[in-house]
Amino acid sequence: MPIPTNHAQPIRKTAKESAFSQLQKWIIDGTLQPGEKLNDVELAEALGVSRTPIRESLQLLEVQGFVQMFPGKATQVTDVDRESISDLLPPLAALQALSAELSIPNLTENIIKKLRDTNKKFALAVEKEDYFQALKTDEKFHQIIVDTANNPYISSLLVSLQAHVRRLFFHNSIILTEKSIAEHDQIIDLMSQRDGEQVTKVMRENWLRAIEEFHSIENVDS
């Protein structure tokens, strides 16, 4: 089982939090492939922790649907279910849209600037066809809005949904286009105008459009 040794070490986290974050990242970006069997001894050595936080992390990852544990036999990474995107994106879109509306009372000029700067970086990644970086920057853009909404229940629900969507996008080469750049600009403008009704509509469409694009890629591949 090939395990990277040059990964970034998380700061100020417990051993379990550190292990969980790194293992989830490796599963999402494909370092740990679907169907791959996981050896807790090897993982513990790679991450510099004992087997206990590794086992605890794997249990959490099983609850989230990223691994499957067969007691006394093996633990392996779950397969990527392409069709699950139709189940994942509607609730994610609804929560992201609500976040945009709830963030409006908390907006500052600094947050607006941060959103515009992030969208410029996103546009640059799309222009360079660096789609991996584009996906990461797109997520940062939306996370700024979620953080500004400052609703812990929404944030908690989005963490799991976002992780699964990220994995689907990475494994299926979802390409974010210039249309997303324009939609981001529109979202920023509507938030600046305090137009909660319209911003929820645009935000929801921004996410749900990915379902159509996902299936269009699937049809081309077939």
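Numbering (my numbering), first residue to last: -1 to 220.
Beta carbons are placed, not taken as given, at the ideal position from N, Cα and C, and that holds for glycine.
Can you list, in chain order, the residues of its chain with a C-beta nearer than 7 Å to that of residue i? Leave out the 5 residues immediately preceding and following it.
| i | result |
| --- | --- |
| Trp205 | Leu87, Leu90, Ala91, Gln94 |
| Val197 | Ala98, Glu99, Ile185, Leu188, Met189 |
| Ile26 | Ala161, Arg164, Arg165, Phe168 |
| Leu112 | It is worth fixing the name first, because residue 112 is Lys in this sequence and not Leu. Cβ within range, chain order: Ile142. |
| Ser158 | Gln62 |
Does at least one heavy atom of the ligand ADP sit under 8 Å from the Cβ of residue i?
| i | result |
| --- | --- |
| Leu206 | For the structure depicted, the ligand ADP is absent and the ligand set is empty, with no information on it obtainable. |
Which term fits residue i, buried or exposed, when burial requires 16 or more other beta carbons within 10 angstroms of its beta carbon?
| i | result |
| --- | --- |
| Glu99 | buried |
| Ser16 | buried |
| Pro150 | exposed |
| Glu203 | exposed |
| Asn61 | The displayed chain sequence assigns Val, not Asn, to residue 61. Exposed. |
| Asp136 | buried |
| Phe68 | exposed |
| Thr106 | exposed |
Leaving out the 5 sequence neighbours to the left and right, which residues in its chain are closer than 8 Å to residue i when beta-carbon positions are compared?
| i | result |
| --- | --- |
| Ile110 | Ile186, Met189, Ser190 |
| Asp38 | Arg49, Ile52, Arg53, Leu56, Thr73 |
| Val124 | Ala132, Leu174, Thr175, Glu176, Ser178, Ile179 |
| Ile152 | Leu93, Leu96, Ser97, Leu100, Val144 |
| Asn104 | Thr146, Ala147, Asn148 |
Considering Cα atoms alone, identify which of the options is closest to residue i.
| i | options | result |
| --- | --- | --- |
| Asp115 | Phe18, Ile179, Val157, Phe130 | Ile179 |
| Leu156 | Phe212, Thr29, Leu166, Val144 | Val144 |
| Lys199 | Arg164, Leu174, Phe167, Leu96 | Leu96 |
| Ile102 | Val78, Gly194, Leu122 | Gly194 |
| Gln131 | Lys177, Lys11, Ile142, Lys119 | Lys119 |
| Gly46 | Phe18, Lys71, Gly63 | Phe18 |
| Lys138 | Asp77, Asn117, Gln20 | Asn117 |
| Phe212 | Asp77, Ser158, Glu81, Lys126 | Glu81 |
| His140 | Gln66, Ala42, His182 | His182 |
| Asp223 | Met201, Arg207, Ile209, Asn170 | One cannot answer for residue 223 here, as it falls past the ends of the chain, which runs -1 to 220. |
Indicate whether at least one CB of chain B lies closer than 9 Å to the CB of residue i.
| i | result |
| --- | --- |
| Leu174 | Looking for chain B here will not work: only one protein chain is present. |
Could you name the residues that DSSP lists as bridge partners for residue i?
| i | result |
| --- | --- |
| Lys35 | Gln74 |
Tell me which same chain residues have a C-beta within less than 6 Å of the C-beta of residue i, skipping the five on either side of it?
| i | result |
| --- | --- |
| Leu30 | Trp24, Val75 |
| Leu41 | Ile52 |
Practice item. Taking only runs that begin and end inside the region 53 to 129, name each unbroken alpha helix (DSSP H) of 4 or more residues, in chain order. Key: 83 to 101, 107 to 125
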